[in-house]
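Residue numbers (the numbering used here): -8 to 190.
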Amino acid sequence: MCEPPPTARFYDQLGAESVGTTNSRLGSLAGLDVFIGGPIQHAILPNGFVGHLQDAISAAIRTVRAAGGNVFSAHAVEEFGAKTDAFTPDQVSVRDYRWMRKCDVFVPVLPLLPDRTLHRTDGTHVELGWATAMGRPVVLITTQPFVESASHLLKGLHRIGAVHAIDFDEFTDSPELLVTAVLEATRQQREAVGARISA
């Protein structure tokens, strides 16, 4: 039996109904725009995209969608590297900046390499700067505590921005942790909107 191409498997995964969330969580992120980021260019290998990273980002996308949230994702648009070459640097920069301005929360996924250092992702670090400067809450999915290779600015980002962290391994075991973290990260904003006060 032939195995479906990677893009077909990707869309099957994203379309899956079951993501391990309970019925009580369905719709809990309705009305929220969630920008999910992470390495792309440095995660494209000769034999395809880095597997554990694709699995984690796919799980984040499925989980947010299953809870009713709207997802912005370069990984989905670029089909995990299959269509990355179809976009110019100008297009990617404008697209991602617009997503950051529109989103309610930024969710960067920062995995480790086999040597236990952070995977290189220049673009995601630029996006973290945008998020902080724009006052967007961040739900960071990465190994906790931070590995030694993480920069001082990344480790200290919570001092100047609203940063919530989920341990990468805990997230892969229980993706529904993302729903709880997004709700907590956006609580003040959602309460202000509910009270008809501009956040």
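Here a beta-carbon is modelled for each residue, glycine too, at the ideal position from N, C-alpha and C. Note that the coordinates shown come from a computational prediction; the quantities given were computed from them, not determined experimentally.
Cβ pair residue i, residue j closer than 7 Å
i	j	result
residue 109	residue 141	yes
residue 27	residue 51	yes
residue 97	residue 67	no
residue 176	residue 128	yes
residue 29	residue 115	yes
residue 95	residue 20	no
residue 90	residue 71	no
residue 101	residue 79	no
Cut-off 8 Å between Cβ atoms - residues of its own chain near residue i, not counting five sequence neighbours on either side
i	result
residue 138	103, 107, 108, 109
residue 75	31, 32, 35, 69
residue 18	58, 59
residue 216	The structure shown does not extend to residue 216, since the chain is modelled only from -8 through 190, so no value can be given for it.
residue 111	30, 33
residue 143	none
Beta-carbon contacts of residue i that lie in its chain and below 6 Å, excluding the five residues immediately before and after
i	result
residue 156	131, 135
residue 172	130, 155, 157
residue 174	none
residue 148	154
residue 146	137
residue 41	34
For residue i, three-class secondary structure by DSSP
i	result
residue 64	strand
residue 103	strand
residue 185	helix
residue 133	strand
residue 174	helix
residue 17	coil
residue -4	Because the pLDDT of residue -4 is 34, which lies under 50, any placement of that residue in the model is unreliable, and the number read from its coordinates should be weighed accordingly. Residue state, collapsed to three classes: coil.
Integer Cβ distance of residue i from residue j, believed to fall under 8 Å
i	j	result
residue 83	residue 61	Actually they do not touch by this definition, with Cβ atoms about 20 Å apart.
residue 193	residue 87	As shown, the chain starts at -8 and ends at 190. That puts residue 193 outside it, with no answer to give.
residue 159	residue 77	That pair is no contact at about 29 Å.
Sequence-distant residues of its chain with Cβ nearer than 7 Å to residue i (five each side left out)
i	result
residue 45	71
residue 56	62
Inset, instruction - Please specify which runs of the beta strand (DSSP E), each continuous and at least 3 residues long, are wholly inside the region 20 to 57, giving them in chain order. - result: 24 to 28
Inset, instruction - Could I get the ranges of all uninterrupted alpha helix (DSSP H) runs contained in the region 136 to 162, with 4 residues as the minimum, in chain order? - result: Here the runs fully enclosed are 143 to 146.
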